[in-house]
Amino acid sequence: MARATARHLLVDTEEQCNQIKAEIEAGLDFAEAAKQHSSCPSSAQGGDLGSFGRGQMVPEFDKAVFTGEVGVVQGPIQTQFGFHLLEVTSRED
1 MARATARHLL VDTEEQCNQI KAEIEAGLDF AEAAKQHSSC PSSAQGGDLG SFGRGQMVPE
61 FDKAVFTGEV GVVQGPIQTQ FGFHLLEVTS RED
């Protein structure tokens, strides 16, 4: 069964998401960005979601995690919770 580890951050608007992504691409550490900006409880751990299998996350998030490139910041990804940036830190297919 496919498994992945990922970290993410969650904000209310696509504009916020794009701004934070630009900051990360300019050198801001993803974990620091999550701690500073994310409204998800995982922000305390730098956005770390731990290990999970396919189908355990909402469909939009799941698709990005299991098809996106490992180590590349993806997003904005819109779900019913808001807008996410995510980074897959490892994946076993």
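Residues in the sequence shown are numbered from 1 upward in steps of one, following UniProt numbering.
We treat Cβ as the ideally placed atom computed from N, Cα and C, and that holds for glycine.
From the listed residues Gly27, Ala31, Glu92, Glu87, the smallest Cα separation to Phe61 is found for Glu87. Between Thr13 and the set Ser90, Arg91, Ile77, the nearest pair of CA atoms involves Ile77. In the structure shown, Val73 falls within a strand segment according to DSSP collapsed to helix, strand and coil. Nearest to Cys17 by alpha-carbon distance, out of Arg91, Gln74, Gln80, Ser90, is Gln74. Gln19 carries a helical assignment under DSSP once its states are collapsed to helix, strand and coil. When DSSP states are grouped into helix, strand and coil, Gln45 belongs to the helix group. Listed in chain order, the non-local C-beta contacts of Pro41 below 8 Å within the same chain number zero, local neighbours out to five positions each way being set aside. Residues Ala33, His37 of the same chain have their beta carbon placed closer than 6 Å to that of Ile20, with the five preceding and five following residues left out of the count.
A residue is called buried once 16 or more other Cβ atoms fall within 10 Å of its Cβ, and Val70, having fewer, is exposed.
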